[in-house]
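Numbering (our numbering), first residue to last: 324 to 555.
Here is the structure:
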């Protein structure tokens, strides 16, 4: 009889630990709501003469690759075609995800621009004040190429360790950096740029056909992939 109770106790302990293990595993399957926004660095450049105000991007691919300290790693992708206007206050509806909670030691985000060769995959708008005569012109930079961006995300603190919690909605901000793109452009190049009549407005247009000396100098800067992804 004593042996019977010992065996029963062993079985009960095994069942208990199995239950606890399953409960712990289930915990890391619980979803955390994560929403993505995308914007540009809106700091001024060229001594304040160049300011960025907005733009848009054509997207056709997104992937999330996360390494978790607990539970399994998490990977998924999304191939929705999106034309998104840069706005840090507006989330991308197609990029609102339920992602398993946990502490992530690394999150790698990949996204790609899409569209045909005639599309303008990235457009950045702003204003430029001519340094010689103080005339203010609208600026429009059009990047026409399919480009892949691969970024390692960080927490708002700057740490690569990111915690997703099922009870706390996370906002991940993707920020592209036209300030960096324009660092290779001199005020003289902007002052002497051709001005285009765009919808009745004299505009400093930059693309592969107009002011292509500026456009060509900036291409490698866009390809440098200087983009930030920050989880709040």
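Backbone N, C-alpha and C fix where the C-beta goes; we use that ideal spot for every residue, glycine too.
Go through its chain and collect everything with a Cβ distance to residue 446's Cβ below 8 Å, but skip five positions before and after it. Counted from its first residue, the chain shown places residue 446 at position 123. Answer for residue 446: 378, 379, 380, 463, 464, 465, 466, listed in chain order.
Counting Cβ pairs, one atom from each stretch, are 3 or more of them under 8 Å apart for the region 529 to 540 and the region 473 to 491? no
Mind checking residue 507: buried by the 16 CB within 10 Å criterion, or exposed? The residue labelled residue 507 in the question sits at position 184 within the chain shown. Exposed, by the Cβ-count rule.
Can at least three beta-carbon pairs, one atom from the region 451 to 458 and one from the region 398 to 413, be found at a separation below 8 Å? no
Could you check whether residue 474 and residue 551 sit closer than 9 Å to each other, using their CB atoms as the reference points? For this step, residue 551 is matched to residue 228 along the chain shown. For this step, residue 474 is matched to residue 151 along the chain shown. Yes, they are a contact pair.
Chain-order list of residues whose beta-carbon lies under 8 Å from that of residue 440 (same chain, five-residue window excluded): By one-based count along the chain shown, residue 440 stands at place 117. Once the five neighbours on either side are set aside, the close Cβ partners of residue 440 are 467.
Could you name each continuous alpha helix (DSSP H) segment of 4 residues or more that falls completely within the region 464 to 520, going from the start of the chain to the end? 501 to 504, 510 to 514
Are the CB atoms of residue 393 and residue 356 nearer to each other than 9 Å? For this step, residue 393 is matched to residue 70 along the chain shown. For this step, residue 356 is matched to residue 33 along the chain shown. No, these two residues do not count as a Cβ contact at 9 Å.
Straight-line gap, residue 366 to residue 395 (C-alpha atoms, nearest Å): As a position in the chain shown, residue 366 is number 43, starting the count at 1. As a position in the chain shown, residue 395 is number 72, starting the count at 1. So the alpha carbons of these two residues sit roughly 39 Å apart.
DSSP three-state call for residue 536: helix, strand or coil? As a first step, residue 536 must be located in the chain shown, where it is residue number 213. Residue 536: helix per DSSP, three-state reduction.
I'd like to confirm the pairing. Which residues does DSSP put opposite residue 421 in its beta bridges? The sequence position of residue 421 within the chain shown is 98, counting from 1. Beta-bridge pairing links residue 421 to 356.
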